[in-house]
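J.:
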Ligand SMILES: Cc1cc2nc3c(=O)[nH]c(=O)nc-3n(C[C@H](O)[C@H](O)[C@H](O)COP(=O)(O)OP(=O)(O)OC[C@H]3O[C@@H](n4cnc5c(N)ncnc54)[C@H](O)[C@@H]3O)c2cc1C
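Residue numbers (my numbering): 17 to 429.
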């Protein structure tokens, strides 16, 4: 079958890989000059089932409300006239009961664990370099009360089989000796030894090259402008370079999926949530972070990616605006510099902002649509790099009519 994948982020490329593995002829359409240049470029790189919490939680409405009045919160919500923001927010708030939050968290955790297994299968088979660091991820807290709240919060994942242990300040220094001089600023943490990190952009580009060598066609610098329909379903993808035809079309355009879906009468509840990211060369500094970590009080993620440090923070509702200015990074840079003063060449930090394609449940949308030959694999939110591998395998299983390895509840639009 000729399969056309729309969008070349990590979700589109892993989908292309799985479809090719099933023997299909694959064409992928990407508007940028290379794959993984949008959200899959600058994420924190955490492959972290231990961070599978749904953002829609009983605490979320109050956090959103506070962000209207307080500046410098990790969450920034500025009301706008965008009707889609309000529709999405209403759906998000409906997911904020404790029952829905637990259900969504457990579903995400199941998909994230499965996905990490699929990633391991892929990297055992394929030669993809992506600065993988499999030393675990540390979630740390600045004071005892937050640590205790964190332990209680993590229980749902521990009970669901996530490997984790509480660690003291001394154990934290053993896990990452680069924190030796800052350890007094940390009360303790939770260490998830099976969580890991890696460069999503490098992985996606490496996997795309493998698919291309095996015959997949990557149409870069090609913008999808719409879909053509006929009595038998989708008949072509319209692009700025002409129509592209296939037997099956998979929509994996992240934040942009709803825009194209709308052109054929499909509403996808995906809204962009902006995040900021710094990529800092280590240079000849001697005390760079050695494992992935999340400062849970400041909501700053810190990842070692080969000879670079990646730092990410903030959830901001700013529509499709990816602009940024140096002051957007002051706080997060201050946090990491304070923890790792000799950690990297902070003056050479590369600044970036990207958009998380969030659904109200935080679960991706994977499944068929009202058109028999249009399939969705999109809306992967804040842990899309983690969930992409398993999502692509589930999509391939559904398309092939195989029984997927995990239940599909929560994945329909
Ligand atoms: C600050 C930040 C930190 C994050 N940290 C993590 C983390 O630590 N771990 C984790 O698991 N996840 C993380 N994420 C989330 C993760 O990055 C995303 O969920 C994931 O990258 C989404 O992949 P995607 O392929 O769906 O979207 P994208 O990577 O955005 O890919 C969509 C592609 O579609 C293309 N496209 C769009 N419109 C068109 C068009 N009209 N024509 C042709 N092509 C088009 C785009 O150019 C793009 O390449 C983070 C995200 C952010 C912003």
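The beta-carbon is built from N, C-alpha and C at its ideal position, and this holds for glycine as well.
All values derive from a computational prediction rather than experimental measurement.
Determine the closest residue to residue 417 out of 35, 26, 28, 20, with distance taken between C-alpha atoms.
T.: Nearest option by C-alpha distance: 35.
J.: Taking only the alpha-carbon atoms, compute the straight-line gap between residue 314 and residue 165 and give it to the nearest angstrom.
T.: Rounded to whole angstroms, residue 314 to residue 165 spans 15 Å at the Cα level.
J.: Counting along the chain, where does the beta strand (DSSP E) carrying residue 382 start and finish?
T.: Residues 381-384.
J.: Which class does residue 293 belong to by DSSP, given the choice of helix, strand or coil?
T.: Strand.
J.: Under 6 Å: does the beta carbon of residue 287 sit that close to some heavy atom of ligand 1?
T.: Checking every heavy atom of ligand 1 against the Cβ of residue 287, none is found closer than 6 Å.
J.: Determine whether the beta carbon atoms of residue 73 and residue 125 lie at a separation below 7 Å.
T.: Cβ atoms of residue 73 and residue 125: not closer than 7 Å.
J.: Do residue 413 and residue 351 come within 7 Å of each other at the CB atom, strictly closer than that value?
T.: Going by C-beta atoms, residue 351 is not nearer than 7 Å to residue 413.
J.: Nearer than 6 Å: is that true of the beta carbon of residue 273 relative to any heavy atom of ligand 2?
T.: No copy of ligand 2 occurs in the structure displayed; its ligands are ligand 1 alone.
J.: Out of curiosity, what's the CA-to-CA distance linking residue 390 and residue 248?
T.: Each residue's Cα considered, the two are about 11 Å apart.
J.: Between the alpha carbons of residue 50 and residue 160, how many angstroms are there, rounded?
T.: Those two C-alpha atoms are separated by around 46 Å.
J.: Please report whether the beta-carbon of residue 409 lies at a distance below 7 Å from any beta-carbon of chain C.
T.: Here chain C cannot be found, since the structure has a single protein chain.
J.: Ligand 1 and residue 54: does the residue's C-beta get closer than 6 Å to at least one heavy atom of that ligand?
T.: Yes, Cβ of residue 54 sits closer than 6 Å to a heavy atom of ligand 1.
J.: DSSP state of residue 304, grouped into three classes?
T.: DSSP places residue 304 in coil when its eight states are reduced to three.
J.: At a threshold of 6 Å, does residue 15 count as lining ligand 1 (C-beta to nearest heavy atom)?
T.: The displayed coordinates of the chain run from 17 to 429. Any statement about residue 15 would go beyond what the structure contains.
J.: Apply the 10 Å Cβ neighbour rule to residue 85 and answer buried if 16 or more other Cβ atoms are within range, or exposed otherwise.
T.: Per the 10 Å Cβ criterion, exposed.
J.: Buried or exposed: residue 271, going by 16 or more other Cβ atoms within 10 Å of its Cβ?
T.: So residue 271 ends up on the buried side.
J.: Quick check: is any heavy atom of ligand 1 less than 6 Å from the C-beta of residue 222?
T.: Checking every heavy atom of ligand 1 against the Cβ of residue 222, none is found closer than 6 Å.
J.: Our contact map puts residue 264 next to residue 273 with C-beta atoms below 8 Å; I'd like the distance itself, whole angstroms only.
T.: About 16 Å; that fails the 8 Å criterion.
J.: Considering only residues of the same chain and omitting the five flanking positions on each side of residue 209, which have a CB-CB separation below 7 Å?
T.: So the qualifying residues of the chain are 152, 179.
J.: Roughly how many angstroms lie between the CA atoms of residue 295 and residue 217, to the nearest whole one?
T.: Distance between the alpha carbons of residue 295 and residue 217 is about 12 Å.
J.: Between the C-alpha atoms of residue 202 and residue 155, what's the straight-line distance to the nearest angstrom?
T.: About 11 Å.
J.: Enumerated in chain order, which unbroken segments of the alpha helix (DSSP H) with a length of 4 residues or greater are wholly contained in the stretch 207-246?
T.: DSSP runs (the alpha helix (DSSP H)) wholly in the stretch 207-246: 216-229.
J.: Terminal residues of the continuous beta strand (DSSP E) containing residue 38?
T.: Where residue 38 is concerned, there is no enclosing beta strand (DSSP E), given that its DSSP letter is neither H nor E.
J.: Grouping DSSP H, G and I as helix and E and B as strand, with all else coil, what is residue 48?
T.: In this structure, residue 48 counts as coil in the three-state DSSP scheme.
J.: Buried or exposed for residue 343, going by 16 or more other Cβ atoms inside 10 Å?
T.: Exposed: under 16 other Cβ atoms inside 10 Å.
J.: Which value, in whole angstroms, describes the spacing of the CA atoms of residue 173 and residue 56?
T.: Cα to Cα, the separation comes out at about 26 Å.
J.: With a threshold of 16 other CB atoms inside 10 Å of the CB of residue 401, please say whether the residue is buried or exposed.
T.: With 16 or more Cβ atoms within 10 Å of its Cβ, residue 401 is classed as buried.
J.: Considering only residues of the same chain and omitting the five flanking positions on each side of residue 233, which have a CB-CB separation below 6 Å?
T.: The answer, listed in chain order, is 43.
J.: Could you tell me if residue 230 is buried or exposed, where buried requires 16 or more neighbouring beta carbons within 10 angstroms of its beta carbon?
T.: It counts as exposed.
J.: Among 369, 138, 298, 317, which residue has its Cα nearest to the Cα of residue 223?
T.: Minimum Cα distance to residue 223 is reached at 138.
J.: To the nearest angstrom, how far is the alpha carbon of residue 147 from that of residue 323?
T.: Using only the alpha carbons, I get a separation of about 9 Å.
J.: Opposite residue 485 in the DSSP bridges: which residues?
T.: Nothing can be reported for residue 485: it is not among the residues displayed for the chain, which extend from 17 to 429.
J.: Starting from the C-beta of residue 336, find all residues in its chain whose C-beta is less than 8 Å away, skip the five residues before and the five after it, and write them out in chain order.
T.: Counting only Cβ-Cβ distances below 8 Å, and skipping sequence neighbours, we find 271, 288, 371.
J.: Which of helix, strand or coil does DSSP assign to residue 342?
T.: Here residue 342 sits in helix by DSSP.
J.: Apart from the five residues just before and just after residue 361, which ones in its own chain have a Cβ nearer than 6 Å to its Cβ?
T.: 297, 299.
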